[in-house]
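Student: Residue numbers (our numbering): 50 to 428. Note that the Cβ used here is the ideal one computed from N, Cα and C, for glycine as well. Dropping the structure in here first, questions after.
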């Protein structure tokens, strides 16, 4: 009986010791988020207080490469006519003033005839006015007849100018009008002229087609300078302005970063997408960029004072980001936080910290290994 009592007391004592050892291994108070660093490890740690700093956040917005609309020309016919000949094709490089197509127009013929008639009437009325002046000076006709002839001459001048202006509206040059006046030959064929040097990126006509002045027949673009455009969410509009530096990542170029500046920030918000259009200009003399390529615009926003932690203080645990906050002498708590992307060695605190906490900013990885060891041994 005595021996059995001694054995029972011994077992209770051993159980108590094991429980005490397990409690120590599980960390202070048995909380797996707490860890007590050994003196040797503690001396390797660096601790600093959470503080504020001026941070220029980078906005990532989806966008694309587009035509530089200041170097884009949509070219149409200046007159109703039928396409006789197409001289330019998709992808062709054209010079300014080069003929892209030729049209046959009865309207042009009629207007040329009207000009020739006005020119002939002008010549006739001019001679009549000169003759009337001579007769008036010879006292053969009265002043009223002279004024009538001079009035007819001035009317003919106005009609001739109007007929010439009408030809100009139909795309006839001054040199062609002068040649028409000298030679009197009506030509019903009119060219469609490139108003810009560049590449034909769109063609909307075929031979035999009847076209109107409102029709766009060709689109010519200078591809040496292109735009990168993106839509900035309404909530972030205050962080962008003209002149800001931007980087553009183009997946088709292996996400190579192209550097530029914002040249335009829209003054209105798109009511459907609640975004604001921003634009940057890119050099494309090597021809690598193509309009409609997808791109991501990285915009360096204006610096703002934010709560930050050093990137070295962050450890990942269970696919979440954490920091170690000092809670006592050599005692630290693993605290989950939400952080922005790293910028200049620091990360903006989105949630989890208020400021003023003391963090492990160097050695956090080793401290977390120690915490995991203690947790495993405790369990």
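1. Less than 6 Å between C-beta atoms, sequence neighbours within five positions excluded: which residues of the same chain meet that for residue 82?
2. Pairs of beta-carbons, one from the region 345–358 and one from the region 385–404, closer than 8 Å: are there three or more?
3. In this structure, does DSSP put residue 51 in helix, strand or coil?
4. At which residue ranges does the region 344–427 contain complete alpha helix (DSSP H) runs of 4 or more residues, listed in the order of the chain?
5. Around the C-beta of residue 174, are 16 or more other C-beta atoms found within 10 angstroms, so that it is buried, or is it exposed?
6. Using the C-alpha atoms, what's the distance from residue 268 back to residue 253?
7. Between residue 70 and the rest of its own chain, which residues show a CB-CB distance below 6 Å, the 5 nearest in sequence each way excluded?
8. I'd like the span of the alpha helix (DSSP H) that includes residue 172, first residue to last.
9. If distances are taken between C-alpha atoms only, which option among 373, 115, 127 comes closest to residue 242?
10. Considering only DSSP beta bridges, list what residue 234 is partnered with.
11. When you compare only the Cα positions, how much space is there between residue 309 and residue 215?
12. Let me know the secondary structure DSSP gives residue 283 once reduced to three states.
13. How many Å lie between residue 153 and residue 318 at the Cα?
14. Based on DSSP bridge pairs, tell me the residues matched to residue 252.
15. Quick check on the DSSP output: the alpha helix (DSSP H) that includes residue 215 runs from which residue to which?
16. In the DSSP assignment, find the beta strand (DSSP E) that holds residue 134 and state where it starts and stops.
17. For a test of the three-state rule: what should DSSP assign to residue 324, helix, strand or coil?
18. Going along the chain, which residues of its own chain have a beta-carbon closer than 7 Å to the beta-carbon of residue 190, five neighbours each way excluded?
19. Can you tell me whether residue 240 is helix, strand or coil according to DSSP?
20. Let me make sure I understand the geometry here. Which of 244, 238, 275, 123 has the alpha-carbon closest to that of residue 333?
21. Quick check: the Cα distance between residue 91 and residue 379, rounded to an integer number of angstroms?
22. With DSSP collapsed to three states, give me the class of residue 94.
23. Compute the Euclidean distance between the alpha carbons of residue 89 and residue 415, then round it to the nearest angstrom.
24. Do you know whose CA, among 282, 148, 237, 263, lies nearest residue 109's CA?
25. In this structure, how does DSSP classify residue 335 when only helix, strand and coil are distinguished?
Tutor: The short version:
1. Walking along the chain shown from the start, residue 82 turns up at place 33. Excluding positions up to five away in sequence, the list reads 382, 383.
2. yes
3. Here residue 51 refers to the residue found at position 2 of the chain shown. Residue placement at residue 51 is poorly supported in this model, since its pLDDT is 43, which falls under 50; the coordinates still yield a value, given next. In this structure, residue 51 counts as helix in the three-state DSSP scheme.
4. 413–427
5. Here residue 174 corresponds to residue number 125 of the chain shown, with the count starting at 1. Residue 174 comes out buried.
6. For this step, residue 253 is matched to residue 204 along the chain shown. For this step, residue 268 is matched to residue 219 along the chain shown. If I take the Cα positions, the gap works out to 9 Å.
7. As a first step, residue 70 must be located in the chain shown, where it is residue number 21. Reliability of the predicted coordinates at residue 70 is poor, the pLDDT of 43 falling under 50, and the value obtained from them is presented with this limitation in mind. Excluding residues within five positions, none has a Cβ falling inside 6 Å.
8. In the chain shown, residue 172 corresponds to position 123, counting from 1. Taken as a continuous stretch (DSSP letters only), the alpha helix (DSSP H) holding residue 172 covers 155–186.
9. Walking along the chain shown from the start, residue 242 turns up at place 193. Here the closest residue by C-alpha is 127.
10. Residue mapping note: residue 234 aligns to position 185 of the chain shown, counting from 1. Paired residues: none, contrary to the question.
11. Within the chain shown, numbered from 1, the residue matching residue 309 stands at position 260. Within the chain shown, numbered from 1, the residue matching residue 215 stands at position 166. Rounded to whole angstroms, residue 309 to residue 215 spans 46 Å at the Cα level.
12. The residue labelled residue 283 in the question sits at position 234 within the chain shown. Helix at residue 283.
13. Residue 153 sits at position 104 when you count from the first residue of the chain shown. Residue 318 sits at position 269 when you count from the first residue of the chain shown. Answer to the nearest angstrom: the Cα atoms are 46 Å apart.
14. Position 203 of the chain shown, counted from the first residue, corresponds to residue 252. Paired residues: 267.
15. Along the chain shown, read from residue 1 onward, the residue named residue 215 stands at position 166. Element bounds for residue 215: 192–218.
16. Here the question's residue 134 lines up with position 85 in the chain shown. From DSSP, the beta strand (DSSP E) with residue 134 extends over 130–135.
17. Position 275 of the chain shown, counting from 1, holds the residue named residue 324. Strand.
18. If you number the chain shown from 1, residue 190 lands on position 141. Answer for residue 190: 181, 184, listed in chain order.
19. Position 191 of the chain shown, counted from the first residue, corresponds to residue 240. Three-state result, residue 240: strand.
20. Position 284 of the chain shown holds residue 333. The shortest C-alpha separation from residue 333 is found at 275.
21. In the chain shown, counting from the first residue as 1, residue 91 sits at position 42. In the chain shown, counting from the first residue as 1, residue 379 sits at position 330. Near 6 Å, if we compare the C-alpha coordinates of residue 379 and residue 91.
22. Looking up residue 94 in the chain shown gives position 45. Residue 94: coil per DSSP, three-state reduction.
23. Locating residue 89 in the chain shown gives position 40, counting from the first residue. Locating residue 415 in the chain shown gives position 366, counting from the first residue. Residue 89 and residue 415: Cα-Cα distance of roughly 12 Å.
24. Counted from its first residue, the chain shown places residue 109 at position 60. Checked all of 282, 148, 237, 263; the closest Cα to residue 109 is 282.
25. Here residue 335 refers to the residue found at position 286 when the chain shown is read from its first residue. DSSP places residue 335 in coil when its eight states are reduced to three.
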